[in-house]
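Just so we're aligned: 103 in numbering that gives the first Met the number 0 is position 104 of the sequence shown, and the numbers increase by one with no gaps anywhere.
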Amino acid sequence: MRKGHGNRATVRDVARVAGVSVATVSHAFNHPERLAPATRERVLQAAATLGYRGPHPAARSLRLGRSGAIALVTAGQAEGAFADPATALVVRGVARACDQAGVGLLLGGADPPHADGIVLVRRQAPEHPPALPLVIVDGPPVDDAPRVMADARGAGAELAGYLAGLGHRTLAILGTTGMEDRLAGVRAGWPHPGHVTAYFSEQLTREHGEAAARAALRADPRPHAIVGLSDVLALGALDAAHRIGLRVPGDVSVA
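Encoded structure:
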């Protein structure tokens, strides 16, 4: 039985053995709902006999002009998407939606090629965004692209009010650039404006959060509470308190 080029069975070989057209073989793999079950079964049996596994993924991608994958692009390196608990939740949600839709997920800190759409998470969009469907998560707007945003300002105000309600009177805030809304919310909700200090880190890492918290905890008077404007910074504050020998929340509260 003759096979196609390179001894690899081709779609034409399958069509000849199954006694159907090339288009019918294509439908059997790509659009099974268009065929009668018996016809599709005959095509699949012929394909199995010839060792034909279906259209080559790269060739199919070039033909359709689609990759079958969504790119999720984060700020900084891709590894940071797993270091920050909140970002990791976003990644999990996007991955779940891709699984349900039957598409792949590309994860990176730079715009990956051959994606059918891009999800930007907490990242400034490029000056000339690609002509692809684009969704922004917790980032600045881009033209008419849809955005999924947390009410950072409102949440910050509620958090500060909660801490004040516990009896805290001095507050330290840990943040980094790009967190102006969160900082404004905490300041707006804190009822003791003369007893709040902000410490800004150069980078959004747990280590930088610890360094900023150490500086805050050396202040006199020492803050009763520390607010990390991200989970990573708050985790760094917990590290700092532990190394200094302070109890959380016995000696200082961390939120």
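Glycine included, each C-beta is placed from N, C-alpha and C at the ideal position. Here the structure is a predicted model, which is why all the values come from computation and not from measurement.
Simplified DSSP assignment, three categories, for residue i
i: Val-247; result: coil
i: Arg-41; result: helix
i: Thr-176; result: coil
i: Thr-9; result: coil
i: Met-0; result: In this prediction, Met-0 has a pLDDT of 44, which is less than 50 and means its spatial position is unreliable; what the coordinates show is noted afterwards. Of the three classes helix, strand and coil, the one that applies to Met-0 here is coil, per DSSP.
i: Gly-116; result: strand
i: Ala-196; result: The residue you asked about is not Ala; residue 196 is Thr in the sequence shown. Of the three classes helix, strand and coil, the one that applies to Thr-196 here is strand, per DSSP.
i: Ser-20; result: coil
i: Val-102; result: coil
i: Asp-238; result: helix
i: Ala-82; result: helix
Length of the line joining the Cα atoms of residue i and residue j
i: Pro-188; j: His-194; result: The question names Pro, but residue 188 in the sequence shown is Gly. If you take the alpha carbons of Gly-188 and His-194, they lie about 13 angstroms apart.
i: Pro-248; j: Ile-225; result: 10 angstroms
i: Asp-83; j: Pro-220; result: 30 angstroms
i: Leu-228; j: Ala-74; result: 16 angstroms
i: Val-72; j: Gln-202; result: 18 angstroms
i: Ser-252; j: Arg-168; result: 12 angstroms
i: Ala-22; j: Arg-146; result: 40 angstroms
i: Asp-230; j: Arg-52; result: 46 angstroms
i: Arg-152; j: Cys-97; result: 30 angstroms
i: Leu-162; j: Ile-172; result: 12 angstroms
i: Asp-238; j: Phe-81; result: 19 angstroms
i: Leu-170; j: Phe-199; result: 14 angstroms
i: Ala-156; j: Glu-209; result: 23 angstroms
In DSSP terms, what residue i is bridged to
i: Gly-107; result: Val-72
i: Gly-227; result: Leu-173
i: Val-134; result: Val-118
i: Val-147; result: Val-136
i: Val-253; result: Ile-225
Nearest-angstrom beta carbon gap, residue j and residue i [assumed within contact, 8 angstroms]
i: Gly-277; j: Ala-8; result: Coverage of the chain is limited to positions 0 through 254, which leaves residue 277 absent and any answer about it impossible.
i: Leu-119; j: Val-102; result: Their Cβ separation, rounded to whole angstroms, is 17 angstroms, which puts Leu-119 and Val-102 out of contact at 8 angstroms.
i: Leu-34; j: Ala-45; result: Rounded, the Cβ-Cβ distance is 13 angstroms, inconsistent with contact.
Short CB-CB distance (under 8 angstroms) between residue i and chain B
i: Arg-221; result: Of the protein chains in this structure there is only one, and it is not chain B.
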